[in-house]
Every structure is written in structure tokens, then in C-alpha cells.
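The structure appears right after this line, and notes come after that.
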Amino acid sequence: MEKVLLRNVDLPGSHTLAVYESQGGYRALKKAVQEMTPEQVTEEVKSSGLRGRGGAGFPTGMKWGFVPKDSPKPKYLICNADESEPGTFKDRVLIEKDPHAVIEGTILAAYAIRSHTAFIYIRGEFAFGARVLEKALAEATQAGYLGKNILGAGYDLDLILHRGAGAYICGEETALLSSLEGWKGWPRVKPPFPATHGLFGCPTVVNNVETLAALPWILDRGAGQYAAIGTEKSKGTKLFSVSGHIGRPGVYEVEMGYPFKRFLEEDCGGVPDGRKLKGVIPGGASMPVLRADEVENVRMDYESFQAAGTLLGSGGVIVMDDSTCMVKAAWNIARFFAHESCGQCTPCREGCHWMEKIFARIENGQGGTKDLDTILSVSGNIIGNTICPFGDAAAMPAAAFVKKYQEEFEQHIAQKKCVLRE
Amino acid sequence: MVNSFWVGIQLFTFYYSLFTVHEAIMETVKLTIDGKEVTTSKEKTVIQAAAEAGISIPHYCYHPKLSIAGNCRMCLVEIEKMPKLQIACNTQVSDGMGVKTQSPKVLEARRAVMEFLLINHPLDCPICDQAGECWLQDYYMQHDLMESRLGDRKQQDRKRELFGPYVVFDGERCIKCTRCVRFLQEVTHTEELTVVNRTDHSTIALFPEKILDNPLSANVNDICPVGALTDRDFRFKVRVWYLQKTPSICPGCSTGCNISVETYQNRIARFKPRINEEVNGHWICDEGRYCFHGLTEVERLTSPLIRQEGGLVPADWERALQAVLAGLGSAQPVAAILSGRNTNEEAFLFARLMRRIAPQVALEVFYQERALTEVEKILKSPDHSANFRGARDMGVGPNGGLDALIQDLLQGRFRGAYIVGEDLLSLIRNPELKAALEKLSFLVVQDIHLTPTGRVAHVVLPATHFGEKDGTYTNRKGRVQRLHAALVPPPGTLHDWEIFKRLLALAGEKGVPAAPAEILQQIAAEVPGYQGLSYDRIGAQGIQLGGDAQQP
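Heads up: the sequence lines are chains A and B, in that order. Following the numbering used here, the numbering of the first sequence begins with 22 at its first residue and continues without gaps. Following the numbering used here, the numbering of the second sequence begins with 330 at its first residue and continues without gaps.
Dropping the structure here:
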């Protein structure tokens, strides 16, 4: 399979403009601003079948289409580089190793929605990535890919790098907007949606790093070539960041629809030290865990993961072998969400910490027989009832761990300790 | 796509409405809420449309005067064709929409929200001032009624932090609805409070270096649906279910904010705002809210006093009133100053009385201008005279204004004076005024307590205050509004209107009306602009002079 996203990352000096240009970099931008209208760019992306890689999988071209064309307000394009999902580190590789692909993609998307000010909102902890992007932005501006009259085509764009201040919730697009405006990173109630009332109340599109980084390839090679990769509904390639009990952890580019089991065993080297697979979280910590037996026939695309009862999410694959205490794993994840819930709306604010307290109690041998029912009930009371998807993200994995490893939880409660730790 | 289309329609409707208001109002939609067909205008949200139809959807963070926060999740309702429950406060109505506020799914979500709100709540209702008017208590009874499933420790928070002179914060009772934060952002623009921290550590806090002491600060206590923000002045005084509530008008200035005078054991415990969109909306200012302390909590005079050798001595009403008539009659010309807190009915009788007994009278209502800050201007008027306009309408001045009258007084142009309800010596800081009053051959002071001004009088008459009498005030903008007696006056006192009535009778006047309602009838018959008024027509929300409501 030809690489779309990781095509440059192994080249020496891949982060420099010279190397990026030597690989055909900014050719797509030249083609777009000199030969295509913004609508044609949007159409091309629509027909490529590209879907948002931040987790929700919403068709990218369609998202751009919601921006009102006749609005007198400025329009904003935001590159969401607030990659904070536990187990996810794919955007980081693109940012650090191929920053110009991210920048070119951002310019292309901004052009498509007629935006003249765009932002890269980068996670605060990505200090190195921010420095790499800063240098790349300076190079791109110097070369005339940013600023006034880009490539002589009469299109202007300022691209501003903004570092976040360390809250997971700021990766949620409306919390990101609040944060970028200088407010506490709180998600906003919808409607209105960012496409009409986004940054500073203006039409705004927020796209993930990986989504944007795919655009230069798509516009350079044509939507048809991209759409030829992957499955009927999940087009192209997807990055997966693999961690945990696995032979070769790292970031992999995979054609959509690739068999998950083969990916884990052959591409990633399988579970090491002769141990057995116990479970795997396929899409970052906020997605339901899959038991080893559920992994068998799953393919790596949006629809297959959904059919298996989980979601592709961010592609953060966390592998757990049979030495893993699932109670402790569930507690660990619950603790993360209890810490990161923004505290704005009732179910998530109160429910996340409540679930965490129960998991902690079970892990510490003080669980009661009603605790598992309570977790499932609390989780159910959060799902679908919150302002933003964070509530679901915290509640879904909690319920999945309890349901899929119920015996282990019951053992913990009955024996008042972890059997695996002896 | 749907969304941008919808916004386009909204904008169009708005601009269209600027030019053709009546057509825009006609743009209605029909929806069903719990099977009941509801017709409303398309700008409304589900929670508003339901309220109009008499269906109350439970909520905490929604407040009609504040922006939509959508955070409490209590108003989740089921809307046909939508997979998830929607918050009624942020869902616009549309034609053919079907809303269910009592479906099993909704009831379950509501119960869940109640449980979430209560798991970390301290349940200290027995010592909470909000108990009895707490939305958590009310909704618990209606929607929750289950035992706690929390087997762990509750989160703890600050139990009594002083946010400002009138606001005490209890973080453990707080449900983070952000009504207070939004009020300070959107109404006063003073922004003293914010939410800090995350998850269930979220709490309301003052910004560094700030104190919640803006002129409208205590309204946050009113809009707090739970016991998180309580009124420092009212805390621990009385359980709210013992309060008697009497609708009235704030006597603090001439804005005429509608209030509820809430009393316990014949004392005022607190003022609360009463909603009147034409006057004060939902708010009252702090100065008005607490003005009852200064106006009512004084050592009351319970007997008329007459000056004899050696000082003021108690006398019976008959003697005192005779002395007033005789004294003023032989001390012409007379300066007569009425309080800005006297009612229209009292002003009407006072003007009639003075013209009858003192042909050379200079009549004025007490009125002093004051400067206001921007935040004060949201509600306050630049005076402390709640009914100066009404008094003038009744014929009490203006004859050159209070300042001119005081000048004349200082220059010895009067021999007699009748001062009602205002302590001139404290209010007018002129060192020569006391000597001028002492030089008068006859001075009557009528007030609820013995003021410095009263101490130099020849006769002092014990009267009643705004909280003890019926009547009307006319605010600065010409709105006539009702005062209702909330307290029983102390024995030995008479209402100002009763005193004027008895003096008129003593002076031989015929046809003196016997009670405020009768006085208003005469006002309605005689005073230009007040034709056709009656207590019934004024009602709970008042009547604008010259407005449609006044026409028969």
C-alpha cells in the first residue's frame, strides 16, 4: 500500500521545507489556488470520501459545506492539534516529522471555506511540536505559501499557532473555541453549531491534524485515487498509534478495512513474552474495550468497529495481555476522565468522579455487590444527556469494562483483592 | 445545512420584524406538548412555549433574563424524531414538533440529574436558609424520591465564604448552574464571580482582588435556586414558611421597584423583588432591598409630644391636633414639607389641609438629586423620594423647589413650618438650619421617631411608615402603583393620612374621605391625569398615567 500520511516521516530532514518540496510538497496548494475555485476544492474532498480523523468520522467536505457562503462575517479554519486522548499519538508524529503537510492541508481547507485567518490549536504539552511548527510556519511564509497573495493567486491567509494550556476537554471543538477566545475551556451548547457561530461568533470549521494532512495528497493525486483506497464507506488510510503489551508499539498507517487481528499479530508483532491477548481498546481510552475473542473478525474501519460494539475513534490502540487487571485498567481510565471532566454540566461533573470512586473501592478490596449495577446505571444516566461527547467518552468505557470482564470484577468484590497480583 | 438554513430564517425574521412588527407577531407555529396543542411564536424555545401552555418543565440554570447555559440538564425532554433527549431551554419550537415532558425516558433522565445533583450535596436543609424555597427540595419531592446510592465520601467545599457585604457562599450546596456568574456578566457587567476547577471540584469563586459589592449584588441570592448563595442580612433570622408576604413598592427611590415585603412577628424580615417588566424586571438594588432597616428599625414614638417648659412632654391626640391648628394658624406664612415617601392619598389631603389652614403656605415635597454610577443607573433613580412625582401631581409643589424653600427658611421668611417624615437637620447639612428652625414661632414635626428635627419642634406627631399603610405611589415615569399595609402600626400612632383627615375635620372641612380608597376616588375625580383610577384598576402591576390602561 502506498503511504498517504507517513510518506515523508522517515526521510532525513522531513520537517524542512526543502525536503517537503522535493517530495512534491505545496504542489497541491499551487494547483488549488491557481487553478481551482474553493467550491471545486470542496467538491474534490467530498468525492474523495475523506472523513474526520479526530474521532467522529464526519465527512470533511460536507462539514465545509455547512459554512454559509454569503455570511458577511470572517470565516475561520482551525487545525485541531490538541491531541490528548490517552493512547493516541498519531498527530504528534505528523506535527513533528511532517509539519509542512499539516500546514499545506490547513491552507487548502482554509481556501476551501474562504477563510483568511486560520489557527493551529496545539496541545500545551507539545512544546517540541510547537517549535517545529513555528519554524515550518516561518519557512512557509518566507516561501510565499502563507501571508498576502499566496503564490500570486490573490488569496491571503494568516496562520496562527496557539498553544493550549493543558486540558483534555479543549480537544472538543467548541471547548477549543472557548479556550482560543480566552475563556475557560468549556464546550458550548449546540445549536448554534460552529459552522455558523464558531470562533468569536463567526463561521468556523475545526479539522483534525490527520484529516488536514491528507488533503495535499488528495488534491495532488485526485479524489479518485484516494477513494480507491479503503472500503466502500471508509475511504483512504488511517493512522493507528499502538501501545501497551505489543511487540512493536508505534504509529502505523493502515488501509481502511485491514483485518485487525492480522494487524496486531503480524504488523505490530503480537503480544510479547508468550502471553495471551486479554483485551484491546481500538480507538483511544474513550472507546469501549474489545475482548480477545471479539477481535477475531474485526476490520479496521468505521463500520466494522461500530458493528463490533466499539468505535474507531482516534485510532489509539491500547493492547492488554492476560497479566492485566481489568479492574485496575478501568479505574485508571475512570480516574483520567474524573480528572478531565470540565465540570460544566451535571451528569458528567458528578457522574465521572462517582464512577471513579466506585472503581477505586473495588480495586482496593472494598467493593460491594451492588457496585457493578451502580456503575452501569450511572454510566447509562450520563450517556446522551450531556452538553458534549465527553460524557459518553467517560461512560462508555466504564460500562464496557464492567460488562465484558464482569467475572473479574465479581472476583475482586468477593475476594476483596486482586487475584492477578499474587 | 439544516442549521444554516434555520439561522438564515431567524435573521430574516428579525430584520423583517423591525419594519412590520404586527406581521412578525403573526408568524406562529403549532406544536404539541404532552398531547396538548400549543400555538406560539416561532422565536420561542420549548421551555417558554410549555410555560405559556401551563406546563412547567423543571429547570435550574435557565432564567428568562439570562443567556442559555444548558448545564443543569434538568429540562431534558423527548422530541419526536430526535434520537437523544434535548434540553427544552435551548430547543427552538418548530411547526409540527411533538414534545414529551413526562415520558418514561424523560422521567428517568430527570431522576438521574436529581441524583447527580444530590450525591455531593450536604443535605443540611435543617440549617439552610433556602429550605422551603429550595428548588432541590421541591424537585426532589416531585421527581426523585429515592435513597442515596453513594457509598463513598461526598466532595467537600467551602461552607461559608463571604463574597460581599450581602452574599454568603456555601460551595457544598452549589449546583454550578452559573446563574450568579451570568447575572454579573450580563446584567451588571461587573464580573466578580467565575467557575474555577473541574469535575466535581468545580466551584464558584471571586476573581482575585474582587468583592461582590456592586449595587445590585444581592440579586444573586434571589436567582440562586438552591442554598449556595444566601442573604447575609436574612441568614438564620426566620424560616421562610413563617413569612407573610405583602406586595408593595420599594420606598428607596422614585423608580418604584415592585417588591414583596416579607414579615415575621410584625417586623420586616426582608424585601424580595416582584417581577414587573414595566419597572424593575426581576431585580431590585441593594440599597432599596435593605432600606427598611433605616426606615423602620427605630425607637418609635407612640404618643404626640407638646413643648412645655423643660421640653417635649407627651400629650393626647386631641390636644396635640388642636395645638397644631392653633399654632399654625397664628404663624403665617407657613412652610410645609412633605416626605417623598408619603402616598398620593396623603399628599392629596396634605395639600388640601395646608391650603385650608394656611393661606400663605409654601408647599414642597422633599426632593434632592444625587449622582449615580453606571451600575446604579440600571435600576436606581437619582433621588430618595419614592413618590415625589405623585406628591407634586397632588398639588404639593413645586413652588420653586425644595432648595428655594430652604433658602427662604434660612432667611427667616416663614414664621411657621410643618415638616412631615423627613429629618431636615440630618438631610440638609447646613449649620444655620437648626437656628432657623428654632427661630420659628411654631414648628410641627410628624415622623415615626423623635428625630433631631423633632427635638426643636413645638408639636411632634407620631406617624406610620410605608410598610404600615395602604396607598399609592407614582413613580418617576408616571406609573401609579399600590402599597399594601404589611405591618400593624404601634398603638398610639396614626397614619399620616389619618392625621391630615382629623386636622381637616377639626378645621371644619366637610366631606373629608375616611380611608385611602375613598381618597383615591376623590383624586380620580379631581386630579388631572388621574381620572378613572381605582385600586382595582391599578392592580398588582400598576397603571401608566396617560396610557391605554387608564382609559375607561
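Using N, Cα and C, we set each Cβ at its ideal position, and we do this for glycine too. A quick note: this is a predicted structure, and the numbers were derived from the prediction, not measured.
Practice task
Check whether the segment 193-204 of chain A touches the segment 23-34 of chain A, taking contact to mean three or more Cβ pairs, one atom from each stretch, closer than 8 Å.
Solution key: no
Handout entry: Residues that DSSP places opposite Leu491 of chain B in a beta bridge
Key = B:Val497
Practice task
Using beta-carbon positions only, say whether Thr395 of chain A and Ile379 of chain A come within less than 8 Å of one another.
Solution key: yes
Exercise for the section: Measuring only between beta-carbons, confirm whether His351 of chain B sits less than 8 Å from chain A. Expected result: Below a pLDDT of 50, predicted positions are generally treated as unreliable, and His351 of chain B, at 46, falls in that range; no measurement from the model is reported.
Problem - With 16 other Cβ atoms within 10 Å as the buried cut-off, status of Leu38 of chain A - result: buried
Handout entry: For Leu220 of chain A and Lys51 of chain A, the rounded distance between their alpha carbons
Key = 28 Å
Exercise for the section: Consider the C-beta atom of Ser325 of chain A and the heavy atoms of the ligand ZN; say whether any pair is separated by less than 7 Å. Expected result: Here there are no bound small molecules, and the ligand ZN is not part of this structure.
Handout entry: Per-residue contacts from Ala438 of chain B into chain A (C-beta, under 8 Å)
Key = Asn402, Asn406
Problem - CB contact below 8 Å: Gln327 of chain A versus chain B - result: no
Handout entry: Boundaries (first-last residue) of the beta strand (DSSP E) holding Glu407 of chain B
Key = 405-408
Practice task
Take Arg511 of chain B and list the residues in its own chain whose beta-carbon comes closer than 7 Å to its own, dropping the five residues that flank it on each side.
Solution key: Leu395, Ser396, Ala398
Problem - Backbone secondary structure at Gly617 of chain B - three-state DSSP - result: helix
Exercise for the section: Report the rounded CA-to-CA distance for Gly755 of chain B versus Thr782 of chain B, giving the unit in angstroms. Expected result: The sequence shown places Ser at residue 755 of chain B, rather than the Gly named in the question. When rounded, the distance between both Cα atoms is 8 Å.
Handout entry: Straight-line gap, Cys363 of chain A to Asp103 of chain A (C-alpha atoms, nearest Å)
Key = 15 Å
Handout entry: Ranges of the beta strand (DSSP E) found wholly within the segment 798-868 of chain B, counting only runs of at least 3
Key = 800-803, 808-812
Practice task
Using a Cβ-Cβ cut-off of less than 8 Å, list which residues of the segment 378-399 of chain B approach chain A; keep chain order.
Solution key: Ile397, Ala398, Gly399
Exercise for the section: Identify whether Ala534 of chain B lies in helix, strand or coil by the three-state DSSP scheme. Expected result: strand
Problem - Where Trp207 of chain A falls, given that 16 or more other Cβ within 10 Å makes a residue buried - result: buried
Handout entry: Coil, strand or helix - Asn385 of chain A by DSSP
Key = coil
Problem - Buried versus exposed call for Leu26 of chain A [16 or more other C-beta atoms within 10 Å across all chains shown] - result: buried
Practice task
Let me know if Lys601 of chain B comes out buried or exposed under the rule of 16 or more other beta-carbons within 10 Å of its beta-carbon.
Solution key: buried
Practice task
Could you tell me which of B:Leu414, B:Met403, B:Asn419 sits nearest to Lys373 of chain B, measuring between CA atoms?
Solution key: B:Asn419
Practice task
Give the C-beta separation of Val773 of chain B and Leu641 of chain B to the nearest angstrom, bearing in mind that I take them to be a contact with Cβ-Cβ under 8 Å.
Solution key: Actually they do not touch by this definition, with Cβ atoms about 12 Å apart.
Handout entry: Neighbouring residues, chain A, relative to Ser863 of chain B (Cβ below 9 Å)
Key = In chain order: nothing, as chain A lies at least about 48 Å away.
Handout entry: Outcome for Asp562 of chain B when other beta-carbon atoms lying within 10 angstroms are tallied against a minimum of 16
Key = buried
Exercise for the section: Please go through the same chain and pick out, in chain order, the residues whose beta-carbon is closer than 6 Å to the beta-carbon of Gly222 of chain A, but skip the five residues on each side of it. Expected result: none
Handout entry: Partner residues on chain A for Arg487 of chain B, Cβ-Cβ distance less than 7 Å
Key = Within 7 Å Cβ-Cβ: nothing; Arg487 of chain B doesn't reach chain A, min ~16 Å.
Handout entry: Close Cβ partners of Asp542 of chain B (< 7 Å) along its chain, the five nearest in sequence each way excluded
Key = Gly493, Pro494
Problem - Coil, strand or helix - Gln775 of chain B by DSSP - result: strand
Exercise for the section: In angstroms with no decimal places, state the Cα-to-Cα distance between Lys256 of chain A and Thr63 of chain A. Expected result: 16 Å
Handout entry: Span separating the alpha-carbon of Leu650 of chain B from that of Gly745 of chain B
Key = 15 Å
Problem - Exposure of Tyr389 of chain B, with buried meaning 16 or more beta-carbon neighbours within 10 Å - result: buried
Problem - Range of the contiguous beta strand (DSSP E) that encloses Ile504 of chain B - result: Run containing Ile504 of chain B: none; DSSP gives neither H nor E here.
Practice task
For my contact list, Phe358 of chain A and Ala313 of chain A are in at a C-beta cut-off of 8 Å; report their separation, rounded to the angstrom.
Solution key: In fact, because the Cβ distance is near 24 Å, the residues do not count as touching under 8 Å.
Handout entry: Endpoints, beta strand (DSSP E) assigned at Pro602 of chain B
Key = 596-602
Exercise for the section: Please name the residue or residues paired with Gly640 of chain B in a DSSP beta bridge. Expected result: B:Gln637
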